[in-house]
Structures are given as structure tokens and as C-alpha cells.
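Undergrad: Quick one: the structure is below, questions incoming.
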DNA sequence: CATCATAATAAAAAAACCTTATCAGTTAAT
DNA sequence: ATTAACTGATAAGGTTTTTTTATTATGATG
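Protein chains in written order, with this note's numbering: chain W, 15 to 311; chain L, 15 to 311.
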């Protein structure tokens with residue numbers, strides 16, 4: 015009942031009307047003149063009215079009928095609308111525009127992502143990035159609830175997350191953190207039993223030791239401090255020692271040092287996590303690829 | 015460089031997305047399922063991104079990608095825009111909507127057009143009519159300047175208007191108008207010379223007699239009254255007599271009568287006038303046809 | 001009046017589109 | 001587990017639509 019106009023067809027119409035001629039319009043459309051004639055005729059059939067004045071009688075230049083006159087602006091609007099949308103989608107597909115939502119564990123978030131993001135965003139000024147940082151569990155949660163496109167976290171128990179895809183990137187070794195003037199500070203590698211002699215402060219990352227032979231340490235810890243700032247302050251004040259993954263160690267600290275834990279050798283694998291049944295938006299996908307490529311070297 | 019999306023294609027996309035399946039969408043589109051598959055694939059190629067999740071792995075129901083999710087509302091908007099425009103144009107072509115501008119000489123304007131227009135407009139509530147009345151020359155002018163779509167007037171000197179098309183409709187005979195108790199009122203037909211014996215009042219339509227043998231009358235007229243209301247008042251007061259085309263004679267007058275002029279037999283042909291190189295808008299055309307048809311009987 | 005434009009038309013070719021038939025994978029129920 | 005009943009993808013062939021080539025008709029122009 016209601017005809018379907020084709021964008022191409024409308025373009026032909028507009029060109030004939032504006033260039034005042036079928037030949038010129040044909041050239042503009044990279045078609046031959048009869049193609050345009052037929053295209054217009056088809057349009058007229060669909061609309062049920064001529065859009066150009068009878069062109070066998072006295073037609074110097076192609077001229078619109080009153081009906082065509084009324085149709086012209088509408089046709090132009092529709093074409094413009096179409097072009098706007100396709101351009102939007104093209105930009106989108108080229109990840110020149112869009113919105114990326116990203117979550118990461120704080121260590122990577124503060125130590126490696128800033129410069130990475132800066133570089134990535136450099137040639138895409140209309141790209142919008144929302145960024146969240148929290149611990150691994152929270153990050154995994156946000157991924158699951160689709161609050162973020164993808165996340166950067168360590169995937170502890172892979173088997174508990176069959177719906178997720180994990181690309182490992184960084185290996186973050188656990189080490190001991192203590193003041194520079196602490197007896198342990200001189201050592202190159204440390205055996206966990208050595209730590210029993212010192213006051214141990216546990217923190218949010220301590221459960222990485224849970225599955226290792228060093229787990230007895232945790233039970234003997236007198237302090238638990240979740241906040242990193244407070245933890246650093248405690249350590250600098252000489253209250254005790256703790257363990258941290260290397261990426262979580264505040265490099266800028268002058269008075270603290272990091273000594274890798276030799277036995278047990280515990281690493282947390284941090285990487286990119288996404289849902290495996292949901293594909294990424296072009297922009298998010300580009301960023302993920304970018305991160306993976308950068309991490310390769 | 016920039017792809018051209020087809021409305022049909024977008025419709026397919028929207029249907030698959032909203033009905034969550036290719037089969038259902040195919041049914042809705044009166045197509046087979048492979049047709050929809052190919053249509054969607056073509057769309058994805060044009061946009062450079064998949065709009066539906068990979069559908070060979072684990073696909074329960076067709077599901078949008080984030081990209082597709084973003085595209086869906088835009089596609090719907092564009093389709094809606096297209097449909098709005100085509101519907102407008104269809105209504106227009108069926109003269110259910112539109113704007114007609116019309117000019118007419120006063121006699122027809124007041125005596126025949128009112129009921130005609132009323133009938134015409136009856137089933138087209140969104141049809142807009144602008145109406146002007148003025149003398150023939152003014153009407154012809156408005157046609158020429160395209161201030162009106164067409165006009166109703168008498169075409170005096172056809173040869174002076176080669177650009178106009180004239181469809182004669184009414185024949186308006188000139189007659190004498192006088193009070194009912196006037197000596198002439200008894201007669202059936204009048205010879206112009208009879209009028210010399212009475213006081214003659216000329217008016218705007220008097221020049222119709224200019225080219226006839228009765229022209230001497232005009233020189234001998236003491237009064238010239240252009241305004242119809244004043245003219246009637248004068249006649250009713252018994253000041254004199256005048257000539258008028260029959261359509262200009264106020265039928266509702268109780269005290270005046272109209273006697274046809276036998277010699278000379280002068281008629282003005284009133285009809286529909288339009289430009290001959292410009293076609294009418296669908297609504298105007300419908301009205302013109304309507305008037306011509308009505309006049310035929 | 002001949003020539004140069006214009007656009008319309010007819011027929012053939014090309015391209016786009018849709019269909020039938022078939023395949024491959026997933027889910028649900030025996 | 002095996003089958004039945006879905007899902008959508010794919011290939012080959014036919015149909016429709018669109019475009020082109022070639023030609024015609026008509027008005028404008030010198």
C-alpha cells in the first residue's frame with residue numbers, strides 16, 4: 015500500500031531538480047541519462063503524481079511541478095538524515111567516536127593505564143572513556159553486569175567464570191615491602207619463613223598467599239589494613255612489614271623497598287577480561303586490541 | 015565512499031532485532047529466511063560492523079551487538095521519517111491535504127462557489143483553501159503572477175493571453191435591471207434603443223457593452239457606480255436602470271427584476287483560467303476537475 | 001532549414017534480489 | 001545418548017530491477 019522510496023532515487027530527483035536537467039544529474043550520479051529518466055518515472059509512479067513538468071511539450075529546462083516543489087525539501091531532509099546516520103555509524107565503526115566503559119584493578123590503573131589511554135585517545139578526540147577502579151572481584155562483577163565493556167583484573171578461579179574470556183597480560187610477582195633501613199631490605203630474595211620473625215601487616219592483596227605454603231603468615235598477622243595510603247604510612251612509620259604485588263608497590267616511595275618473595279614464588283596474572291558471548295563495541299574493541307598489542311612487547 | 019542504506023534493509027534489521035529472530039522477521043517481511051540473512055549481511059558489510067552477535071556459535075535468539083544496539087534507534091528514526099514523508103506525499107497526491115489558492119470574479123464567487131466548495135471540502139478536512147475575489151483583470155493578474163493556482167474569470171481578449179488556458183463554463187447574459195414597478199419590468203426581451211428613454215446608471219460590468227452596438231448607451235450615462243451595494247440601493251430608490259450579467263444580479267432582491275437584453279445579445283463567458291505551462295498541485299487539480307464536472311450538467 | 005540541444009523509449013545486458021534446497025549447530029525431550 | 005525441532009548460514013539458480021546502448025521525438029538555435 016505505501017511505497018518504499020529509495021535514497022538513491024531521491025538523490026536522483028534532487029539532482030535533476032537542482033541542476034535543472036537530466037543530463038547533468040546523470041553525470042553527477044555516474045549514471046547514463048535514461049537511467050535517471052526511468053528512476054524519476056518510477057518515483058512518480060510510486061507517489062502517484064508527476065514531479066517534473068511534462069517534458070515532451072515545451073520544456074527548455076527540467077522544471078518542477080507544484081507537487082515536486084513541495085516534495086523537494088522533504089526529499090532533501092530525508093537524504094540528509096540518512097547521510098547523518100551513516101556517517102555516525104561509520105565513525106563509530108572506525109572507533110573515532112563512541113563511549114568506552116572500562117574497569118581496572120588499582121595497580122594497573124595507576125601505573126600503566128594512564129599513558130596507554132593517553133596514547134590511544136590521541137587521534138580520536140570524540141572518543142569518550144569512563145573509567146572505574148576497584149578490586150578484582152568488583153571489576154569482574156561490573157563486567158558480568160555489563161556496566162563496563164571490559165575490565166582489567168586477575169582471574170583467580172577461572173572455573174568459576176565460564177562466561178568470561180581472559181587474556182593474560184601482566185605477571186605481577188608478590189614481594190615483601192619494608193622500610194629501607196629494615197634488616198630484610200638488604201636481601202635479594204626472601205623465604206616466607208623469614209617473615210615469621212617480623213610483625214606482619216596484611217592487606218587486601220594478602221589473600222593471594224592463601225593458596226600457597228605461606229598461608230600460615232596470614233593467621234599470625236596482627237593488623238589488617240585495606241586502604242593503601244594508610245598501609246604505606248604504617249610501613250614508613252616502621253610498624254611492620256607486608257606483602258604486595260609489584261605493580262601495587264608505590265615506586266615513588268623513597269623510604270620503602272620491595273623484595274621479591276622467592277619461596278613461595280607467587281604471581282598474580284592480570285589481564286583483560288570480557289564476556290565471551292557478547293562482542294565489544296568497535297571503540298572498546300579497538301582499545302582492547304591496542305592494550306594487547308602494547309603488552310606484547 | 016559512503017554506503018547507501020535501503021529502507022527495506024533497515025526494516026529487516028529492525029524486525030529481526032525486535033522480534034528476536036530471522037524466521038519471524040522473514041514472515042513479517044513476506045520474505046524467506048535466507049533473504050533476511052543476506053539482507054542483514056549486506057547491511058553489516060556496508061556498515062563495516064556486525065549488528066547481530068556471531069550466530070554460528072551459541073545463539074539461542076538473535077541478539078544485537080553493542081554496535082547494533084546503538085544503530086537500532088537510529089534505524090527506527092530514519093524509517094519513521096521515511097514513512098512520515100511518503101504518507102504526507104500520498105495524502106497530498108490524493109488531495110486530502112494541501113493548500114489551494116483560488117481567485118474568482120465576485121458574481122460566481124458569491125452565487126455558485128460557496129456550495130461547490132462546501133461539497134468539495136466535505137471529505138478532506140485537512141484541505142486548506144484561500145479565496146480571493148476581484149474583477150476579471152485582477153483575477154487574470156493573480157494567475158499570471160502565480161499568486162493563485164487557478165482562477166475563475168471571463169477571458170475577454172483571448173489573444174492577449176497566449177500563456178493561459180481557458181475552460182469556458184458559464185454563459186452570463188447581460189440584462190437590464192430595474193425596479194419591479196418600472197415600465198420596462200413587464201417586457202420579456204429588450205432592445206437597447208428602448209433604454210435611451212430612461213436614466214442609465216453604468217457600473218463595473220458595463221464595459222461588456224463596449225464592443226456591442228449598444229455602446230452609445232455608455233456615453234449617455236449620468237451615473238457610474240462601482241460598488242454593488244450602492245448600485246442596488248440606487249436602483250431600489252428608483253434613480254434609474256442599469257445592465258448587469260445575470261450572475262451578478264442579486265436574486266434575493268424583492269423589488270428589482272432582471273430582463274434579458276435581446277438586442278444586442280451580449281454574453282460574457284466565464285470559466286476556469288490557468289497557466290498552460292504549469293501543472294496544478296493535486297489538490298488544485300482535483301478542485302478544478304470537480305468544478306468542471308459539476309458545471310457539465 | 002539544418003543542427004544542436006533536450007528527454008523519452010525499446011531492447012538487451014548487468015546487477016541486485018529472492019527462492020529452493022541443504023547444511024551445521026543448539027536446545028529440549030525422549 | 002539419540003532424536004526431533006529449532007536456530008541461522010550458505011550455495012546455486014531463477015526472477016526482478018536497474019542500467020546501458022541505441023534510437024527517436026521534440027523544441028531551441030543559428
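Note that the Cβ used here is the ideal one computed from N, Cα and C, for glycine as well. Note that this is a predicted model, so its numbers are computed, not measured.
So which residues of chain L does residue 20 of chain W contact, with C-beta pairs closer than 9 Å?
TA: Simply 18, 20, 21, 22.
Undergrad: Give me the DSSP bridge partner(s) of residue 283 of chain L.
TA: Answer is L:185.
Undergrad: If we ignore side chains and look at the alpha-carbon of each, how far apart do residue 260 of chain L and residue 298 of chain L end up?
TA: Cα to Cα, residue 260 of chain L sits roughly 27 Å from residue 298 of chain L.
Undergrad: Applying a beta-carbon distance threshold of less than 9 Å, which residues of chain L neighbour residue 107 of chain W?
TA: The contacting residues are 61, 62, 63, 81.
Undergrad: At the level of alpha carbons, what is the spacing between residue 257 of chain L and residue 35 of chain W?
TA: Roughly 54 Å between the two C-alpha positions.
Undergrad: Assign residue 45 of chain W to one of three DSSP states: helix, strand, or coil.
TA: DSSP places residue 45 of chain W in coil when its eight states are reduced to three.
Undergrad: Distance check for residue 75 of chain W and residue 193 of chain L, CA to CA, integer angstroms please.
TA: Approximately 59 Å, taken between the alpha carbons.
Undergrad: With burial defined as no fewer than 16 other Cβ atoms inside 10 Å of the residue's Cβ, what is the status of residue 246 of chain L: buried or exposed?
TA: The residue is buried, with at least 16 neighbouring Cβ atoms inside 10 Å.
Undergrad: Which residues of the region 290-302 of chain W have a Cβ closer than 8 Å to any Cβ of chain L? Give them in chain order.
TA: Listed by position, the residues of the region 290-302 of chain W near chain L (Cβ gap below 8 Å) are 291, 292, 293, 294, 295, 296, 298.
Undergrad: How far does the beta strand (DSSP E) with residue 66 of chain W in it reach, from first residue to last?
TA: It is not in any beta strand (DSSP E) - residue 66 of chain W carries neither H nor E in the DSSP assignment.
Undergrad: May I have the straight-line CA-CA distance separating residue 150 of chain W from residue 113 of chain W, to the nearest angstrom?
TA: Residue 150 of chain W and residue 113 of chain W: Cα-Cα distance of roughly 23 Å.
Undergrad: Taking residue 112 of chain L as part of the alpha helix (DSSP H), name the residues at either end of that continuous run.
TA: Premise fails: residue 112 of chain L lies in the beta strand (DSSP E), 111-118, not in any alpha helix (DSSP H).
Undergrad: In terms of residues, what are the limits of the beta strand (DSSP E) holding residue 31 of chain W?
TA: Unbroken run through residue 31 of chain W is the alpha helix (DSSP H), 21-33; no beta strand (DSSP E).
Undergrad: Check each residue of the region 128-159 of chain L: if its Cβ is closer than 9 Å to any Cβ of chain W, include it; give the result in chain order.
TA: Taking 9 Å as the Cβ-Cβ cut-off against chain W, none of the residues of the region 128-159 of chain L qualify.
Undergrad: Do you know how far the Cα of residue 48 of chain W is from the Cα of residue 337 of chain W?
TA: There is no way to answer for residue 337 of chain W, as the model of chain W reaches only from 15 to 311.
Undergrad: Helix, strand or coil: how does DSSP classify residue 95 of chain W here?
TA: Three-state DSSP puts residue 95 of chain W in a helix.
Undergrad: Using a beta-carbon distance below 7 Å, is residue 111 of chain W in contact with chain L?
TA: Not one chain L Cβ lies under 7 Å of residue 111 of chain W.
Undergrad: Is the distance from the Cβ of residue 162 of chain L to the Cβ of residue 117 of chain L below 7 Å?
TA: Yes, the pair counts as a contact, with Cβ atoms nearer than the cut-off.
Undergrad: Can you tell me whether DSSP reads residue 78 of chain W as helix, strand or coil?
TA: The answer is strand: DSSP assigns residue 78 of chain W an E or B state.
Undergrad: Give the range of the alpha helix (DSSP H) segment to which residue 151 of chain L is assigned.
TA: That run of the alpha helix (DSSP H) goes 150-158.
Undergrad: Return the residue from the list L:138, L:52, L:51, L:79 that minimises the CA-CA distance to residue 359 of chain L.
TA: Lying outside 15 to 311, the shown extent of chain L, residue 359 of chain L is not represented and no answer is given.
Undergrad: Would you kindly report the start and end of the unbroken beta strand (DSSP E) that includes residue 165 of chain W?
TA: That run of the beta strand (DSSP E) goes 164-168.
Undergrad: Hey, quick one: how far does the beta strand (DSSP E) through residue 380 of chain L stretch, first residue to last?
TA: Given a span of 15 to 311 for chain L in the structure shown, any question on residue 380 of chain L remains unanswerable.
Undergrad: Below 8 Å on the Cβ atoms is my contact criterion, and I expect residue 272 of chain L with residue 189 of chain L to pass it. Report the Cβ-Cβ distance as a whole number of Å.
TA: With 8 Å as the limit, residue 272 of chain L and residue 189 of chain L qualify as a contact, their Cβ atoms being about 5 Å apart.
Undergrad: Helix, strand or coil for residue 249 of chain W per DSSP?
TA: Here residue 249 of chain W sits in helix by DSSP.
Undergrad: Just the Cα atoms here: how many angstroms apart are residue 197 of chain W and residue 307 of chain W?
TA: C-alpha separation (whole angstroms): 41 Å.
Undergrad: What are the partner residues of residue 256 of chain L, as DSSP defines its beta bridges?
TA: DSSP lists L:191 as partners of residue 256 of chain L.
Undergrad: If you draw a straight line from the alpha carbon of residue 277 of chain L to that of residue 186 of chain L, how long is it in whole angstroms?
TA: Their Cα atoms are separated by approximately 15 Å.
Undergrad: Taking residue 12 of chain L and residue 183 of chain L to be in contact with their CB atoms under 8 Å, please state how far apart those CB atoms are, rounded to whole angstroms.
TA: Since the first residue shown for chain L is 15 and the last is 311, residue 12 of chain L is missing from the structure and cannot be characterised.
Undergrad: Residue range of the alpha helix (DSSP H) that residue 299 of chain W falls in?
TA: Start and end: 296-310.
Undergrad: If the cut is a Cβ gap below 7 Å, which residues of chain L does residue 96 of chain W touch?
TA: 19, 92, listed in chain order.
Undergrad: In chain order, what residues of the same chain have a beta carbon less than 7 Å from the beta carbon of residue 1 of chain W, not counting five sequence neighbours either side?
TA: An answer regarding residue 1 of chain W cannot be provided, because it is not within the stretch 15 to 311 covered by chain W.
Undergrad: Secondary structure at residue 236 of chain W, three-state DSSP: helix, strand or coil?
TA: Reduced to three states, the DSSP call for residue 236 of chain W is coil.
Undergrad: Would you kindly check if the distance between the Cβ of residue 16 of chain L and the Cβ of residue 100 of chain W is under 7 Å?
TA: Yes; because the gap between Cβ atoms is below 7 Å, this pair is in contact.
Undergrad: Give the residues of chain L in contact with residue 101 of chain W, contact being defined as C-beta atoms less than 8 Å apart.
TA: Those within 8 Å of residue 101 of chain W in chain L are 16.
Undergrad: Please report whether the beta-carbon of residue 55 of chain L lies at a distance below 7 Å from any beta-carbon of chain W.
TA: It does not: the Cβ of residue 55 of chain L has no partner Cβ on chain W nearer than 7 Å.
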